[in-house]
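There are 2 protein chains.
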Amino acid sequence: MSGTTRAPGSPRDHGLPGGPRLAEFRTALDAARGSVFTRAERIPLDALDRWSADPESGTIRHVSGKFFSVQGIDVTISTDGTTRRWHQPIISQPEIGVLGILVKEFDGVPHFLMQLKDEPGNINGIQLSPTVQATRSNYTRVHGGHAVPYLDYFLERARHRVIADVRQSEQGDWFLLKRNRNMIVETRGDVPPREGFHWLTIHQIHDLLDLDDMVNMDARSVLSCLPLWEFVRASAGDERVNSVVDAWSKTGHRGLHDTAELLSWITDARTRTEVDVRNAPLDRLPHWRRGTEIISHESDRFFDVIGVRVEAGGREVAGWDQPMVAARHVGLVAFLVTYADGVPHVLVGIRAEPGFADVAELGPTVQCVPAEHERGHPEWPPFLDTVLSAPADRVLYDTTLSEEGGRFFHTRNRYLIVEVDSDVDHPGFRWMTLHQLAELIHHSHYINVQARTLLACMATLATTRETGSAGPRTPEPATTAGQGGGV
Amino acid sequence: MSGTTRAPGSPRDHGLPGGPRLAEFRTALDAARGSVFTRAERIPLDALDRWSADPESGTIRHVSGKFFSVQGIDVTISTDGTTRRWHQPIISQPEIGVLGILVKEFDGVPHFLMQLKDEPGNINGIQLSPTVQATRSNYTRVHGGHAVPYLDYFLERARHRVIADVRQSEQGDWFLLKRNRNMIVETRGDVPPREGFHWLTIHQIHDLLDLDDMVNMDARSVLSCLPLWEFVRASAGDERVNSVVDAWSKTGHRGLHDTAELLSWITDARTRTEVDVRNAPLDRLPHWRRGTEIISHESDRFFDVIGVRVEAGGREVAGWDQPMVAARHVGLVAFLVTYADGVPHVLVGIRAEPGFADVAELGPTVQCVPAEHERGHPEWPPFLDTVLSAPADRVLYDTTLSEEGGRFFHTRNRYLIVEVDSDVDHPGFRWMTLHQLAELIHHSHYINVQARTLLACMATLATTRETGSAGPRTPEPATTAGQGGGV
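Top line first, the protein sequences correspond to chains A and B. Position one of the first sequence corresponds to residue 199 (this note's numbering), numbered consecutively onward. Position one of the second sequence corresponds to residue 199 (this note's numbering), numbered consecutively onward.
Right, dumping it as structure tokens:
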């Protein structure tokens, strides 16, 4: 963790009854490391057991036809007569799985049932995962098979309260049409305990979100769909925290742009931009090298497709082989945040990625791999300098987090939230309030997975911190806020 | 018009300054019939000038590659292991056009700029159309060409107020991936007058919606996106009308289901249902006859693909040939409406149609062609009997309206809104409040075009009627409303 490092062993006592404290959680985590583990060894793509390349298309598939495949695509994205075209490998996994978090109140405090799970791509072993990560065949039970623990809460919703249930995209640069159903369900019934699952408060989860590579991508995605004002208010006794949560809540705040105007901006981008994605042979993609070991770009940028042999403990299956995507460098993902008329706004971009189901989605202010860009080059990302040169006291969040360890190998992004004084305008971006984003997140295909992670991280700003004495880690309204001035 | 017929020549005076009254409008309409006309003559498909069938696929295309094509598809829709499969012709027109209505206040009263337009498929000549119906090449100006009147208001939105801007689907049974951008833009500037365009109040438009085949499908679709409470309240002086509008407005009313629950129902349908659409040769579709004259189903149900030769007055082009879809029978589209806790709810279905961009959309309570169903058969549509046997005083709306006359030939549906006392449950349907639907209509792919027409028609219930003395044509809260009892 960069910036505001807190040692993993320094949890705080929220004084909340009913839930395990973070100290207990750490003990449980240490204990689990002995029984739940995944060891991944890199092996040549061509040596993967039960995977083979189609002789015609080069597509790498499992012999069962299940799981996912790696294929080649030929992408053309046109906007107002400007056209970009490239070829790339991509993971094809068009089916929709379930990512679910179960919620239950203990002594009036909502707790979230989180799983300790290791995935082969994780850089550090176990990470905090949702209650349920289920594939479509799991939840439709087409193939029968081992039941996924707690899945019934998400299938039989009539007896529970649905808080969120929305299909969300995942990395559109790396996944073709991948979406998962992000669900939060609250139950009042007794929930049987199971090894490897833990009830945590939102404050405990927020503490863990401050640690590098601790909360996994699926958990962050689901947590971003949580109505913060309901769950933080319910468990926080701190008036200052509640005032922050109020500032993010749905009512009583107008933004710099009204919602009709923002929706029009999105509609405009989605109609003016055309994304054309065609299949292309994976072993003959221009500018990509298909070796027996890996597939890589001739520039050594972007990512490699690699082979991995997995040995697993605490799982149904003792081991397997699979291809994975491995990013070449750590990425950088950031929101700029500012106060306008006392209301926090974030600077939202809009991105067309080849794997999206609906052309373009809202994204972070910055989403790039700095090591792959040249400063001063026209393609140096807008606002990257603002983020990189921000003084320490304007950096509200700075943590490096892992992307989904079932498909991505040691692939990480540094997530930053940086406060600025000026609500500077840029044609490709819009300042949006958090409650405007919170409304859109309940509908599919609006907010990309990187921006969803940032929203989950931003929620941590509403939590009273243990370190320091300034109370909630929240940007104070800038006294000189207003139009004008550069960022 | 069935039921509450009002002669075309009996407009009422709303006492509104600034706008033409309906009498003036009728005079203008009569005058326009001389200069704006389209004569359509049926000719054999194989005789269409500048259209030809692809020798391999049978797809019927224009020689320029522009406009649209008619192709064959092979459809499989699966839900929870139940699979339906069929083949059919379908119109392919994947590009997104603009349907826009311009709004401007005259003496404090909002007026809508409507165009008098004849389309070759119209059964009765001129219908009321949006200010703008533009194709993508019109608005991106890729091909240059004749400017579309008033289009700039919808392209240069910065100087105006955007009220709605959302891509909406059209008939998913007849169109493959057809969507139009539905826009409502308000201007404060002077708007130059043009022949064939008229400013009408929402009340005048509502009067016209009571007439058979008078307001075209595109206009109804755009009008369904209008925030009713803002525009009816602004121009109605009647307290009773305002109370109806209040009942539909966004705030202060809980529905039988909360919105999170309804969104979950939609997400569930969209993940459990799989729609697989593949190209199939148009001239060899099972159960369809491809003749030289028309393409028709061997059962004489559904629709024909026919050829039409068009002679046009008041248009850029004096004439052209084109294929069209012609329904075999008049369809029936209906909402059931009931009061629950004093709040009006409509019974919403959910439909997977092969041409939809996102699996399934919300639809009417009944959407079918009664002549093609057999009473007593298991596929007799749910709630059709309720609609057909409703006593006259529970029928709040009953008008036969045309579908889009540029693609559909003499293709019409009878639209009904029927009040019932009981909020009966059915697993495939949900009772939703009008404000819940009004929130969803600002996002793409939620509400199908038939349900949008019904929402536009339902808005007429908030308008004081000229005939009768009961004030607003609104369902009164049923005194015995509540659970239980069959419909």
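C-beta atoms are modelled at their ideal positions from N, C-alpha and C, and glycine is treated no differently.
Residue span of the alpha helix (DSSP H) that contains residue i, given as start and end
{"i": "residue 532(B)", "result": "First-last for residue 532(B): 529-538, but that is the beta strand (DSSP E), not the alpha helix (DSSP H)."}
{"i": "residue 412(A)", "result": "Careful: residue 412(A) lies outside any alpha helix (DSSP H) and carries neither H nor E."}
{"i": "residue 353(B)", "result": "350-353"}
{"i": "residue 651(B)", "result": "647-657"}
{"i": "residue 661(A)", "result": "Unbroken run through residue 661(A): none, as it is neither H nor E."}
{"i": "residue 346(A)", "result": "Note, residue 346(A): premise wrong, no alpha helix (DSSP H); not H, not E."}
{"i": "residue 222(B)", "result": "220-233"}
{"i": "residue 585(A)", "result": "582-586"}
{"i": "residue 637(A)", "result": "632-638"}
Neighbour flag for residue i against chain A, beta carbons, 9 angstroms
{"i": "residue 381(B)", "result": "yes"}
{"i": "residue 558(B)", "result": "no"}
{"i": "residue 457(B)", "result": "yes"}
{"i": "residue 722(B)", "result": "No answer is possible for residue 722(B): the residues shown for chain B start at 199 and end at 685."}
Selected residue, minimal CA-CA separation from residue i, among the options
{"i": "residue 703(B)", "options": "399(B), 603(B), 550(B), 593(B)", "result": "Because chain B here runs from 199 to 685, residue 703(B) falls outside it and cannot be looked at."}
{"i": "residue 396(B)", "options": "418(B), 310(B), 320(B), 453(B)", "result": "310(B)"}
{"i": "residue 152(A)", "options": "354(A), 295(A), 316(A), 361(A)", "result": "The shown model of chain A, from 199 to 685, leaves out residue 152(A), and the question about it has no answer."}
{"i": "residue 411(A)", "options": "655(A), 556(A), 457(A)", "result": "655(A)"}
{"i": "residue 467(B)", "options": "645(B), 626(B), 336(B)", "result": "626(B)"}
{"i": "residue 278(A)", "options": "328(B), 491(B), 334(B)", "result": "334(B)"}
{"i": "residue 644(B)", "options": "478(B), 419(B), 520(B), 228(B)", "result": "419(B)"}
{"i": "residue 621(B)", "options": "544(B), 614(B), 635(B)", "result": "544(B)"}
{"i": "residue 314(A)", "options": "525(A), 267(A), 225(A), 538(A)", "result": "225(A)"}
{"i": "residue 548(A)", "options": "469(A), 236(A), 300(A)", "result": "469(A)"}
{"i": "residue 170(B)", "options": "354(B), 336(B), 400(B), 355(B)", "result": "As shown, chain B starts at 199 and ends at 685. That puts residue 170(B) outside it, with no answer to give."}
{"i": "residue 570(A)", "options": "494(A), 498(A), 394(A)", "result": "498(A)"}
{"i": "residue 612(B)", "options": "600(B), 388(B), 284(B), 266(B)", "result": "600(B)"}
{"i": "residue 481(A)", "options": "491(A), 473(A), 392(A)", "result": "491(A)"}
{"i": "residue 357(B)", "options": "377(B), 375(B), 386(B)", "result": "386(B)"}
{"i": "residue 231(B)", "options": "317(B), 243(B), 240(B), 308(B)", "result": "317(B)"}
{"i": "residue 488(A)", "options": "269(A), 361(A), 261(A), 538(A)", "result": "269(A)"}
{"i": "residue 597(B)", "options": "588(B), 587(B), 610(B), 606(B)", "result": "610(B)"}
{"i": "residue 557(B)", "options": "646(B), 323(B), 287(B), 429(B)", "result": "646(B)"}
{"i": "residue 533(A)", "options": "555(A), 523(A), 584(A), 500(A)", "result": "584(A)"}
Residue-level contact to chain B via CB, residue i, 9 angstroms cutoff
{"i": "residue 467(A)", "result": "no"}
{"i": "residue 334(A)", "result": "yes"}
{"i": "residue 341(A)", "result": "Because the pLDDT at residue 341(A) is just 48, under 50, the model does not fix this residue reliably, and the value given afterwards should be weighed accordingly. Closer than 9 angstroms: no."}
{"i": "residue 387(A)", "result": "no"}
{"i": "residue 360(A)", "result": "yes"}
{"i": "residue 432(A)", "result": "Unreliable positioning characterises residue 432(A) in this predicted model, as indicated by a pLDDT of 49, which lies under 50. The coordinate reading is nonetheless provided below. With 9 angstroms as the cut-off, residue 432(A) does not count as an interface residue toward chain B."}
{"i": "residue 664(A)", "result": "Residue confidence for residue 664(A) is low, a pLDDT of 44 falling below 50, so the modelled location carries little weight and cannot support an answer."}
Proximal residues of chain A, C-beta to C-beta of residue i below 7 angstroms
{"i": "residue 461(B)", "result": "363, 364, 640"}
{"i": "residue 355(B)", "result": "462"}
Delimiting residues of the beta strand (DSSP E) encompassing residue i
{"i": "residue 257(A)", "result": "Residue 257(A) -> no beta strand (DSSP E), and no H or E assigned at all."}
{"i": "residue 687(A)", "result": "In the structure as shown, chain A begins at 199 and stops at 685. Residue 687(A) is therefore absent and cannot be evaluated."}
{"i": "residue 363(A)", "result": "359-367"}
{"i": "residue 314(B)", "result": "307-316"}
{"i": "residue 454(B)", "result": "Premise fails: residue 454(B) is in no beta strand (DSSP E) and is neither H nor E."}
Neighbouring residues, chain A, relative to residue i (Cβ below 9 angstroms)
{"i": "residue 301(B)", "result": "Here the premise fails: no neighbours, minimum Cβ distance about 13 angstroms."}
{"i": "residue 294(B)", "result": "468, 469"}
Every unbroken alpha helix (DSSP H) within the segment 373-397 of chain A, with a cutoff of 4 residues, ordered by chain: Listed in chain order, nothing qualifies, since the segment 373-397 of chain A has no complete alpha helix (DSSP H) run of 4 or more residues.
Entirely within the segment 469-556 of chain A and at least 3 residues each: give me those beta strand (DSSP E) ranges in chain order. Taking 3 residues as the minimum length, the beta strand (DSSP E) runs contained wholly in the segment 469-556 of chain A are 471-478, 486-488, 493-495, 501-511, 517-525, 529-538, 541-550, in order along the chain.
Could you tell me which uninterrupted beta strand (DSSP E) segments, each at least 3 residues in length, are contained entirely in the segment 241-290 of chain A, listed from first to last along the chain? Runs of the beta strand (DSSP E) inside the segment 241-290 of chain A: 249-251, 258-260, 267-277, 280-290.
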